[in-house]
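Below is one structure, written out as structure tokens; the observations come after it.
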Amino acid sequence: MVTWAALLTVCIWIQTHTASGQHICPSTPRRLVDFTVKYSLPHFQTDKPIQNIAVNHEEHHSDVYVACQNVISEVSYNMEKTWEVKTGPVGSTDCETCLACDIEIDPADPVDTDNEVLLLDMSAFPLPYLYICGSTQHGICHFIEIGTPEPKPQCLFRKENNSPTACPDCLASPLGTKVTTVDQSATLLFFVAASVNGKVAQKYPRRSISAVRPLSTEDGFHMVMEGLTVLPNLQDSYKIDYIYSFSTGSYVYFLSLQREKPIN
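According to mature numbering (1 follows the signal peptide of the UniProt record, and there is no 0), the sequence shown holds residues -21 to -1, 1 to 243 in order.
Spelled out as structure tokens, the structure:
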């Protein structure tokens, strides 16, 4: 029979060697960062600067929608382009959004489309919608059913409801536009802030602040409120740039950059 003294001696001997072993392991030398190492990461390269991004956060379906001048692209999780929709140049046979709407075009207007607004509506049935509004065609919008392999843009403009003096379907301004959407009782509301000047606010007028909702017929917007616009005598001398927009609780906020006083 092993005595308690023998067991105690063995335990002390094991603990002593375990403790002493902690001091004989060599420390790992610190290595400087090697900035010459090249990493191969999946990426998507655009031809022009990115203007807007929207992300589908659905599980197992993390697609990214990238807006550049004249084009909207869907990019997969692996950074591979799955489709694209041409939004310009206006007048080009490649412009898919140009062919979707029957709208008068001013020949003096720029032809390249800056995609000012890019928004996902995941509540749309049966497929989610991607809303896009550009700087051309008087700032009208389109929507795309993103679940289809070759999506076709649908026009949100009803010709009989709009005119050069009143245009509820004209939302985006070439000077800059920010939009926040809010779901309210199964209705999607668009809260829009657009930078305006005398030209933008006069022909097919855009409003500085407005709230609209898509029509159930999916061919235009209904104005929830009349909107607010900078006074005509200040539109060219008191520019308001809208930087960011968000909603929380019962409120929608717009962050703007503007002068304290108009230019004399």
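Idealized CB from N, CA, C, for every residue including glycine. Nothing here was measured: the structure is a model prediction, and the numbers come from that model.
- Shown here, A165 sits in coil according to DSSP, grouped into three states, outside any helix or strand.
- Between the C-alpha atoms of R238 and Y232 there is a straight-line separation of about 19 Å.
- Sequence-distant partners of V43 (beyond 5 residues in either direction) whose C-beta falls short of 6 Å from its own C-beta, in its chain, are V34 and V54.
- Every unbroken stretch of the beta strand (DSSP E) spanning 3 or more residues and falling wholly within the segment 125 to 191 is given here in chain order: 133 to 135, 156 to 163 and 166 to 173.
- Per DSSP, A33 is one residue of the beta strand (DSSP E) stretching across I29 to V34.
- DSSP, reduced to helix, strand and coil, places A79 within a helical segment of the structure shown.
- A Cβ-Cβ separation of about 7 Å places Q30 in contact with Q48 under the 8 Å criterion.
- Excluding five sequence positions before and after Y183, the CB atoms of its chain that fall closer than 6 Å to its own CB belong to H117, P143, C146 and C149, given in chain order.
- Residue pairing of C47 in beta bridges, as defined by DSSP: I29 and V50.
- For P130, same chain residues with a beta-carbon under 7 Å away, outside a window of 5 residues either side, are W62, V64, I123 and E124 in chain order.
- Taking a 10 Å sphere around the C-beta of N94, we find 16 or more other C-beta atoms and assign the residue as buried.
- Take A172, set aside five residues on each side of it, and the residues of its chain with a beta-carbon closer than 8 Å to its own are T156, K157, V158, S187, I188, Y221, S224, F233 and S235, in chain order.
- Check the Cα spacing between F170 and each of S229, Y217, R10 and K240: the tightest is with S229.
- Counted as a single uninterrupted DSSP element, the stretch harbouring T7 is not any beta strand (DSSP E), since DSSP gives it neither H nor E.
- Nearest neighbour of D73 by Cα position, chosen from H201, Y108 and P132, turns out to be P132.
- A direct Cα-to-Cα measurement between H121 and L78 gives close to 11 Å.
- Contact between T115 and D81 does not hold, since their C-beta atoms are separated by about 15 Å, which reaches or exceeds 8 Å.
- Here the alpha carbon of P193 sits roughly 6 Å from the alpha carbon of G199.
- Per the coordinates, the alpha-carbon of G70 lies some 25 Å from the alpha-carbon of K60.
- Per the C-alpha coordinates, the member of T66, N140 and E139 positioned closest to I111 is T66.
- Per DSSP, the unbroken beta strand (DSSP E) holding S235 starts and ends at Y230 to Q237.
- In this structure A151 does not touch V203 by the C-beta definition: roughly 17 Å separates them, more than the 8 Å allowed.
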